[in-house]
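Be aware that the sequence shown starts at 1, since it is given in UniProt numbering, and climbs by one per residue.
Note that beta-carbon positions come from the ideal geometry of N, C-alpha and C, so glycine has one too.
All values derive from a computational prediction rather than experimental measurement.
First comes the structure, then the notes that go with it.
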Amino acid sequence: MSSNATSWSCTITLRMGFDKNVKPTTVPFGRTITNRSEVEVWLRRAQAAILNPDVPSSSFHTKTIEELRNMKNTMKFSRNVVCVLIEDPDATDLSFYDLPGLIQNEEADTVALVKSLAEHYTKKGNTIILTTIPMSDDMENQQSMTLARDADPNGKRTIGVLTKPDTLGTGAINQRRRWVEIIEGRSDNHKLRHGFYCVRLPDDVERTQRISRTESQRRAAEYFDTTSPWKDVTDRSRFGIPGFVSDVSRLLIQLIEEALPRLREDVDKLLASCIRNLDALPPPLANDPQIEVLERVNAFCDAFKSFVNGSHEDKRLAQRNRALYAIFKRDIRGTAPDFRPFDKPEEYVSHNDSDRASEVDGLMACEEYGPTACEEYDTMACEEECVPIACEEYVPQACIERNLEEHVPHDDSEGDPEENFPLDDIEGEMTLTQRDPGVKVMGIYDIRRVIAEAIGWELPNNVPYQAKANLIAEFTKLWVAPSERCLAAINDVLGEVINDLISIHFGRFRVLEDYVGNLIRIQVDTCKVHVKDVVRTALDLESTPYYTQNTHYFQTLREKWLAHYKTIRTRRVYCLDAPYSSVETPEAKALRSLAEAGYPNIRVSDLARLLPPDSFEEELVVMADVRAYYQLAHKRVIDHIPFTIEHGLHHVLAKQLSQSLITSLLTDVASGPNFSERMNELVSEDPSIAQKRTMLSMRKRRLSDIHRILTTFSNST
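Spelled out as structure tokens, the structure:
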């Protein structure tokens with residue numbers, strides 16, 4: 001009930017919070033009622049609509065009371081609610097729930113439903129519990145009193161209302177006496193902190209006569225003042241509606257005063273939460289739509305350029321791409337030719353791990369040749385990308401497999417022969433499992449066969465260039481797959497960055513995000529096609545002719561690899577069974593003697609020139625030429641492909657994106673009626689956001705009003 005009105009009216013709604021779709025809804029029921037006499041029939045219609053959820057509620061608007069009584073297959077109870085709003089300038093501002101009476105003689109589910117409804121509404125701490133008890137019933141059988149005590153053990157919120165006193169006949173002397181004791185608070189078994197009130201409501205005849213509220217209260221007062229034993233009770237405020245309303249009002253005020261601090265705290269929290277949610281929403285559009293669109297496009301393009309250049313605070317694009325290029329470098333290194341200058345190459349592997357060399361007796365040439373050779377190797381490694389000369393020893397695979405477990409400490413995950421190093425590992429970090437599966441192990445006879453297959457009309461002692469070209473093609477063709485994998489991964493990273501930037505810069509406006517996002521992705525796809533062709537062209541550059549102008553570097557590599565292959569063919573093999581000896585190695589001794597004789601700066605690789613001619617000299621030269629060219633060419637490609645991708649994809653996209661987007665916007669507008677209208681359409685706000693902002697703004701105003709009222713009320717009490 002609300003007194004905020006100039007005339008009486010009644011509005012009925014149905015709160016369907018427990019329908020079959022489990023979606024709470026509030027449905028208006030009928031028109032606003034201005035005639036009090038129509039309230040009863042409209043309430044019965046609303047009740048019937050609640051109890052028949054499968055029937056459209058509008059079908060009950062015209063039913064008569066008789067038709068409603070004759071309806072069949074109607075539910076007896078429902079959790080859904082009939083809401084009645086009465087606006088009356090003479091009414092007391094009050095909200096109350098009229099619950100169904102507790103029952104016993106029904107199905108168990110129905111009894112439980114009614115009981116759960118009562119428990120649900122009475123457990124609220126800011127609710128006054130009015131237990132209505134017909135005086136024609138026995139007080140001891142009133143289950144409502146039990147529920148009230150359970151919900152309000154201290155009785156701070158419970159009031160007893162006794163109804164139908166006129167149903168007690170003159171002969172019910174003992175019943176009347178017990179009820180008087182209860183009203184006067186003298187009953188030991190039935191006491192309430194706020195006591196009991198006795199009211200007489202209009203009977204069926206009086207309701208038919210449609211008597212006024214004033215007349216109804218007059219007749220009730222006359223009844224209590226003239227009828228025994230009620231007329232003999234001293235506290236007259238316990239009889240009739242006016243006294244009951246007055247005392248209930250005082251109780252309400254008391255509860256409100258007690259709840260004020262908590263209410264203010266709750267309102268403050270709700271208001272703060274509402275303001276936070278409102279601030280989290282984008283503010284209403286302030287700029288001209290045309291300016292807004294262009295500013296967002298420019299901001300997007302600037303942000304993407306900073307991503308590409310690595311100057312943005314989010315380094316994701318640069319860092320993830322660098323990681324992918326490192327993987328690409330590893331994959332290209334894995335395509336190095338696996339030349340083993342032995343008759344049976346499968347029986348030999350390289351084992352040049354310096355950490356293991358210190359633990360495996362006699363395995364490494366670092367220990368065999370002493371610190372001088374190691375120092376020489378380290379210096380050369382810095383200059384020439386780790387070309388193994390003196391510090392690599394090739395040992396039989398079977399020997400390693402037989403002795404590793406005896407001499408090398410390891411757990412279950414170590415010591416696997418597959419962890420031995422490739423013969424031509426250029427940086428000392430690659431394992432056999434990192435070698436590209438397409439790389440073939442080639443021994444000295446395999447190289448001789450390649451030469452023989454390439455011979456045409458060459459004169460004797462002339463190795464065909466085609467033999468070297470065929471061997472070079474074996475590793476350059478393996479560069480295609482790593483390049484494609486790298487480009488695909490780069491494209492995935494670019495897609496993630498683009499999608500995030502689109503969401504950041506255009507996500508506020510759904511239409512703009514969809515439209516501009518589509519334009520951006522089209523441009524990205526175009527650049528992806530372009531860079532794929534550019535990468536393919538870059539790889540084609542590594543096909544015939546196999547050429548370099550860096551001849552000095554190539555010659556240096558060739559000499560060192562040739563010396564390396566010659567040396568390891570003639571060096572004696574050290575197996576793991578050989579005892580460790582700290583005696584100076586022959587090579588180290590020779591270098592020391594030459595230095596003492598006035599020939600300093602001689603390397604172990606230079607000693608290879610003193611070796612006698614090898615019957616496989618041509619094959620060793622081919623190995624050295626191809627291996628040297630790989631080392632030179634792979635350095636080109638591990639830089640050239642990343643630069644090609646960066647400039648052919650990211651930089652091209654960053655350069656073209658702004659012009660492409662603006663051109664597309666103008667072209668789209670040119671085909672439409674009006675530039676301004678199109679811009680308005682693009683920045684039209686998501687209806688859900690606008691609706692949420694309106695809802696939060698209204699809620700903020702209501703909470704602010706409540707906060708002000710509570711503050712005023714607190715100051716006045």
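- Residue state for F239 is assigned as strand, using DSSP reduced to three classes.
- Fully enclosed alpha helix (DSSP H) runs of no fewer than 4 residues occupy 241-280 of the stretch 227-284, in order along the chain.
- Taking C-beta separations shorter than 7 Å and ignoring five residues to either side along the sequence, the partners of S660 in its chain run Q523, following chain order.
- D247 is positioned such that its CB atom lies closer than 9 Å to that of S237.
- By the CB criterion at 9 Å, E453 and N470 fall inside the cutoff.
- In the pairwise beta carbon analysis, the stretch 243-260 is classified as touching the stretch 156-173: at least three pairs are separated by under 8 Å.
- Closest in alpha carbon position to S216, among T227, V199, K269 and P229, is V199.
- Residue environment: Y599 is assigned as exposed (fewer than 16 neighbouring CB atoms within 10 Å of its CB, all protein chains considered).
- Taking the Cβ atoms as the reference, L657 lies roughly 15 Å from V531, outside the contact range of under 8 Å.
- Rounded to whole angstroms, the gap between the alpha carbons of Q631 and A336 is 8 Å.
- In the three-state reduction of the DSSP assignment, P28 falls in the strand class.
- In this structure K63 does not touch R79 by the C-beta definition: roughly 23 Å separates them, more than the 8 Å allowed.
- DSSP places P545 outside both helix and strand once states are collapsed to three, so it counts as coil.
- Annotation for L471: no beta strand (DSSP E) segment contains it, though the alpha helix (DSSP H) segment containing it runs Y465 to T476.
- I602 and L487 do not touch by the CB rule: their CB atoms are close to 47 Å apart, not below 8 Å.
- If you draw a straight line from the Cα of V41 to the Cα of D90, it is about 23 Å long.
- Nearest neighbour of N4 by Cα position, chosen from E87, F643, G17 and E66, turns out to be E87.
- Burial of V308 is indicated by the presence of at least 16 other C-beta atoms within 10 angstroms of its C-beta.
- With contacts defined by Cβ atoms closer than 9 Å, V511 and E474 do not form a contacting pair.
- With fewer than 16 other Cβ atoms from the protein chains shown falling within 10 Å of its own Cβ, P586 counts as exposed.
- The C-alpha of P28 lies about 24 Å from the C-alpha of P687.
- Counting only unbroken stretches of 4 or more residues, the alpha helix (DSSP H) elements lying wholly within the stretch 599-687 are 604-607, 617-645, 652-670 and 675-682, in sequence order.
- Its Cα nearest to that of R322, the residue G310 stands out among I332, G310 and T163.
- DSSP places I522 in the helix class (H, G or I) of the three-state scheme.
- With fewer than 16 other CB atoms across the displayed protein chains lying within 10 angstroms of its CB, I504 is exposed.
- The residues A628 and Q631, in chain order, have a CB closer than 6 Å to that of L557 in the same chain once the five nearest residues on each side in sequence are set aside.
- For Y197, the number of other beta carbons within 10 angstroms of its own is at least 16, and it is reported as buried.
- The C-beta distance from L260 to S714 rounds to 6 Å, short enough to meet the 8 Å contact threshold.
- Minimum Cα-Cα distance from D533 among the listed residues V480, G517, C83 and T25 corresponds to V480.
- Y565 sits close to L620, with the two beta carbons spaced by under 9 Å.
- When the Cα atoms are used, L317 and L494 turn out to be separated by approximately 7 Å.
- In the three-state reduction of the DSSP assignment, V534 falls in the helix class.
- Annotated as proximal: T131 and S144, with beta-carbon spacing under 9 Å.
- The DSSP-derived three-state label of M442 is strand.
- Collapsing the DSSP output to three states places F60 in a helix.
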